[in-house]
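Position in the sequence shown (first residue = 1) + 45 = my numbering.
One structure is given here, and the rest of the page talks about it.
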Amino acid sequence: MTDTPAQDPNQANPQASQPAGPPSIRVLAQYIKDLSFENPGLFGAQQGNSAPEIELGIDVKVEPGPPADAVFSVELRLSARAKRQENVVFICELVYAGVVELLDARREDVEPMLLIECPRLLFPFARRIIADITREGGHPPLMIDPIDFVGLYRQQRQRAEAEAAGQQPAS
């Protein structure tokens, strides 16, 4: 005999919708999903006195896991293109992914956690891979400056809202 009444399993559990604690992220796996390094201008790069101009591209992509789970795949996509005058020195493209589980996340917390906090966790590892691969390619290591993922998130939101409103996004 128990002191608590039996709960009907068909009724919704009010505690199930309430987070048990502060939202958190559990990284289940992280890995290199795709890596490409092209080195067409190494010989010409050694001839120049000036540092090459670096064009950096950053993107974040999220894919949900099984519908019943709070598991997601988050991809941090980094591309770096080094040019000296019109000559390409090197091109490096990396997709670094993490499989994450969101714990105790409210619905309004999910998008910022996936598009800000998860890339922030993955970035140091991706940065190190880019630095290592450019060094191994015969160049000084490319040390990417820290990325403002909050600003990137806001830009993506503004762009999506502008497209939804049928306007051209501001660049």
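C-beta atoms are modelled at their ideal positions from N, C-alpha and C, and glycine is treated no differently.
Every value quoted in this text rests on a predicted model; they were computed, and no experiment measured them.
query: Backbone CA spacing between Leu-73 and Val-145 [nearest angstrom]; result: 5 Å
query: DSSP-derived helix/strand/coil call for Ile-192; result: coil
query: Stretch pair the segment 96 to 116 + the segment 171 to 182: three plus CB contacts closer than 8 Å; result: no
query: Segments assigned beta strand (DSSP E), at least 3 residues, entirely inside the segment 115 to 196; result: 116 to 129 and 132 to 148
query: Residue range of the unbroken beta strand (DSSP E) whose run includes Ser-95; result: Counting along the chain, Ser-95 falls outside any beta strand (DSSP E), and DSSP gives it neither H nor E.
query: Coil, strand or helix - Ala-113 by DSSP; result: coil
query: C-beta contact flag for Leu-101 and Ala-125 at 8 Å; result: yes
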